[in-house]
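The number in this note's numbering is simply the position in the sequence shown, starting from 1, with 11 added.
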Amino acid sequence: MRQDDGGWVIGSPGIIGIPNLSRNELNDLTSNKNRQTSRVFDKSKPFSAAGTGMVLRAFSVHPIYRKSEAALTAASLLKSKFFKKDNWSSYQHPDNWIRFQYPFWWTNLISALDSLSLMELSRDDPDIKKTLKWLIEHQLRDGLWKVSYSKIHKSPDNNRTLNSRLWITLAICRIFKRFYQIENKRN
């Protein structure tokens with residue numbers, strides 16, 4: 012659900028039967044102010060970085076919507092929360108930013124930077140610059156990155172996680188390539 016601040020939150024107030032609804036019925040159910048379901052959403056609450064990151068993944072791959080005001084507003088909100096606690100309890104701890112998976116599922120530094128790089132934001136943006144620097148500082152001697160740098164979500168780096176580490180590293184390399192190609196195009 013889109014919030015008044017321009018970000019999104021995850022979930023709904025337990026709507027049952029969503030798969031059986033048409034798009035128009037679902038829009039009516041969630042957006043018609045005369046319906047009880049629409050009134051239970053509190054759009055004045057702050058955005059969720061986790062939810063906003065998931066929505067931005069869709070915007071970031073669309074050639075028109077990735078440049079939209081809504082997407083750019085959400086991108087600004089998302090990057091402002093890097094390394095910080097989320098506003099929503101289901102994904103609140105800051106360590107969630109530094110626990111990675113591929114393919115992307117939850118919002119973390121890599122999934123967020125992937126979207127922001129596709130949206131062609133500048134690597135010189137202070138939030139992005141800080142995050143790219145963090146990635147450089149945390150690359151291991153073997154050239155790869157860990158699955159998790161979290162103190163609360165520990166993950167062993169062994170043969171079982173090697174495949175994930177390889178995919179995560181590929182995603183990070185693509186992020187750096189995009190951010191540096193963007194700047195080269197501008198100069």
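Glycine included, C-beta positions come from ideal geometry on N, C-alpha and C.
- arginine 110 to isoleucine 183 span [Cα, whole Å]: 13 Å
- Query: When DSSP labels each residue in this structure, what does arginine 134 get in the three-state scheme?
  - Reply: Annotated three-state conformation of arginine 134 is coil, per DSSP.
- Message: Using only the alpha-carbon positions, how far apart do aspartate 39 and glutamate 148 sit?
- Response: Computed Cα separation, rounded: 48 Å.
- Task: Out of Glu131, Met12 and Lys141, point me to the one whose CA is closest to phenylalanine 58's CA.
- Result: Met12
- In chain order, what residues of the same chain lie with their CB nearer than 8 Å to the CB of alanine 85, ignoring the 5 residues before and after it? Gly17, Gly18, Trp19, Phe58, Thr63, Val66, Leu67 and Phe70
- Query: Leaving out the 5 sequence neighbours to the left and right, which residues in its chain are closer than 6 Å to glutamate 131 when beta-carbon positions are compared?
  - Reply: Contacts found: Ile193.
- Query: So with Cβ pairs under 7 Å, would you call leucine 132 a contact of chain B?
  - Reply: The chain labelled as chain B is not found in the depicted structure, where only one protein chain is given.
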